[in-house]
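Asks: Mind having a look at this structure? Questions to follow.
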Amino acid sequence: MIPVPAGVKVWLATGHTDMRKGFPDLSLMVQEALKRDPMCGHLFVFRGRCQYRSNTPQ
């Protein structure tokens with residue numbers, strides 16, 4: 001379990017994400033798809049085909 005501070009929104013990407021992408025590409029996805037700043041302090045979670053692995057650009 002990851003503790004999330006009060007006031008932080010958690011954004012979960014739907015579908016499968018190519019987990020070979022690095023943080024710059026994932027950050028670009030946040031900017032283009034969600035129209036959000038990836039450095040705003042919120043948590044963006046991406047999931048690949050393997051249901052036990054996720055990635056969060058920070």
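Everything in the sequence shown is counted per the UniProt record's numbering, starting at 1 for the first residue and increasing by one. Even for Gly, the Cβ is constructed at its ideal location relative to N, Cα and C.
According to DSSP, Leu26 sits in a beta bridge with which residue or residues?
Replies: Beta-bridge pairing links Leu26 to no other residue.
Asks: Within its chain, find whatever has a CB closer than 6 Å to the CB of Val30; leave out the 5 residues flanking it on each side and keep chain order.
Replies: Closer than 6 Å at Cβ, skipping near neighbours: Arg36, Pro38, Phe44.
Asks: Given this structure, state the Cα-to-Cα distance separating Pro5 from Cys40, to the nearest angstrom.
Replies: In a straight line, the C-alpha of Pro5 is about 14 Å away from that of Cys40.
Asks: How would you write the range of the beta strand (DSSP E) that Leu12 sits in, first residue to last?
Replies: Unbroken beta strand (DSSP E) run through Leu12: 10-12.
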